[in-house]
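Student: Residue numbers (the working numbering): 1 to 355.
Even for Gly, the Cβ is constructed at its ideal location relative to N, Cα and C.
After the structure tokens below, expect a handful of questions from me.
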């Protein structure tokens with residue numbers, strides 16, 4: 001019996017393990033939900049007022065596909081000098097940024113390499129239109145980051161585009177200055193491209209400034225959330241910062257996918273720009289204090305904490321004791337299985353869940 005078109009689609013979807021990767025919600029489902037990537041809060045009044053004002057002044061239409069210029073300028077200002085507003089694309093979430101960069105840069109540049117332990121959204125984005133790719137193993141490193149040697153070997157084998165996270169979306173671990181310098185040399189030596197998710201960099205002591213990779217915008221495309229931690233999480237707004245060579249192609253595919261990012265969301269993001277630096281510092285201090293208390297509790301139940309420097313999360317080895325303790329307190333952790341690390345659980349530092 002001939003298979004229907006619907007049957008073929010469903011069969012193909014069922015066989016696509018990348019596309020079936022579960023996604024992580026951008027906001028918690030309740031006070032015990034510790035699965036989210038970013039901390040969140042109530043949107044500041046200034047952001048709401050600015051958004052309402054923009055809508056009342058007629059900003060109810062589609063805007064420029066790459067995003068409103070003032071917001072792109074604000075994003076570029078927070079990055080290195082190599083990144084200009086005309087090469088910033090405001091995306092409808094960091095997930096869209098993952099999809100666009102993987103599908104456009106990964107398609108154009110040739111063979112692609114990604115960490116074997118990576119945010120589930122990366123696998124899902126890759127599964128929409130699978131590309132030729134290979135996985136960068138993390139080995140026995142407690143950081144669960146691919147080593148510089150693994151990146152070098154991939155480039156030497158012919159890989160032309162590397163996707164990396166620093167901080168890691170699972171552990172919060174970052175590449176140190178010496179590793180970044182080494183990666184820069186490798187990227188230049190092999191004329192390669194890097195897509196670097198630095199979305200959690202706001203919550204590290206060093207800022208994990210990945211735009212410092214000496215190769216600059218011509219070689220390094222940055223992605224992340226726009227001004228995380230202050231209430232924009234539910235509005236689905238991210239960014240891509242790249243070079244002029246790729247910005248037009250990224251915007252063209254974005255227009256096909258989503259026309260443009262929500263106008264209201266963009267004006268809300270613009271409304272938090274002016275006060276963001278001070279608020280971010282305040283949030284990080286609060287997260288560090290809460291993380292210390294979370295670590296004390298994890299130590300008390302014998303949990304093995306993995307190496308990581310991001311204030312907003314803690315990753316631990318999965319054991320029966322840890323799982324039972326979380327269940328007893330009504331806490332839900334992000335499953336490492338979706339990241340490629342089935343023996344790990346990730347806990348967001350969210351609210352006073354241990355009180």
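What are the boundary residues of the beta strand (DSSP E) that includes residue 221?
Tutor: Note, residue 221: beta strand (DSSP E), 220-225.
Student: Tell me whether residue 31 is buried or exposed, calling it buried when 16 or more other Cβ atoms sit within 10 Å of its Cβ.
Tutor: Exposed: under 16 other Cβ atoms inside 10 Å.
Student: Let me know if residue 190 comes out buried or exposed under the rule of 16 or more other beta-carbons within 10 Å of its beta-carbon.
Tutor: Per the 10 Å Cβ criterion, buried.
Student: Quick one: what's got a C-beta closer than 6 angstroms to residue 130's C-beta in the same chain, skipping five residues either side?
Tutor: Hits under 6 angstroms: none found.
Student: Are at least three pairs of beta-carbons, each pair with one atom in the stretch 85-94 and one in the stretch 256-269, less than 8 angstroms apart?
Tutor: Because the criterion of three Cβ pairs below 8 angstroms is met, the stretch 85-94 and the stretch 256-269 touch.
Student: Count the other CB atoms, across all protein chains shown, that sit within 10 Å of the CB of residue 61; report buried if there are 16 or more and exposed otherwise.
Tutor: Residue 61 comes out exposed.
Student: Does residue 33 come out as helix, strand or coil in the three-state DSSP assignment?
Tutor: Residue 33 falls in the strand class under three-state DSSP.
Student: Are residue 270 and residue 79 touching if we call contact CB-CB under 9 angstroms?
Tutor: It is not a contact, given that the beta carbons lie outside the stated cut-off.
Student: So, with DSSP's three-state summary, where would you put residue 237?
Tutor: Looking at residue 237 - three-state DSSP - the assignment turns out to be coil, as it is neither helix nor strand.
Student: Determine the direct distance from the alpha carbon of residue 36 to that of residue 330, and round the result to whole angstroms.
Tutor: Their Cα atoms are separated by approximately 16 angstroms.
Student: Apart from the five residues on each side of it in sequence, which residues of its chain come closer than 7 angstroms, Cβ to Cβ, to residue 54?
Tutor: Closer than 7 angstroms at Cβ, skipping near neighbours: 267.
Student: Closer than 8 angstroms is the cut-off here; do at least three beta carbon pairs connect the stretch 11-20 with the stretch 297-310?
Tutor: With a cut-off of 8 angstroms, the stretch 297-310 and the stretch 11-20 do not count as touching, because too few Cβ pairs lie within range.
Student: Could you have a look at residue 165 and say whether DSSP puts it in helix, strand or coil?
Tutor: Note: residue 165 maps to strand in three-state DSSP.
Student: Can you tell me the Cα-Cα spacing of residue 251 and residue 223, whole angstroms?
Tutor: Cα to Cα, residue 251 sits roughly 14 angstroms from residue 223.
Student: So, for residue 175: in the same chain, excluding its five sequence neighbours on each side, which residues have a beta-carbon less than 6 angstroms away from its beta-carbon?
Tutor: Correct list, in chain order: 166.
Student: So, for residue 205: in the same chain, excluding its five sequence neighbours on each side, which residues have a beta-carbon less than 7 angstroms away from its beta-carbon?
Tutor: 309, listed in sequence order.
Student: If you reduce the DSSP assignment to three classes, tell me which class residue 173 lands in.
Tutor: Of the three classes helix, strand and coil, the one that applies to residue 173 here is coil, per DSSP.
Student: Can the beta-carbon of residue 111 be found closer than 9 angstroms to that of residue 134?
Tutor: Contact flag set, yes.
Student: Would a C-beta distance cut-off of 9 angstroms place residue 229 and residue 202 closer than the cut-off?
Tutor: Yes, Cβ-Cβ distance for residue 229 and residue 202 is below 9 angstroms.
Student: In the DSSP output, which residue or residues are listed as bridge partners for residue 91?
Tutor: Note: residue 91 sits in a beta bridge opposite 238.
Student: According to the neighbour-count rule (16 or more other Cβ atoms, all chains shown, within 10 Å of its Cβ), is residue 300 buried or exposed?
Tutor: Looking at its Cβ environment, which holds fewer than 16 other Cβ atoms inside 10 Å, residue 300 is exposed.
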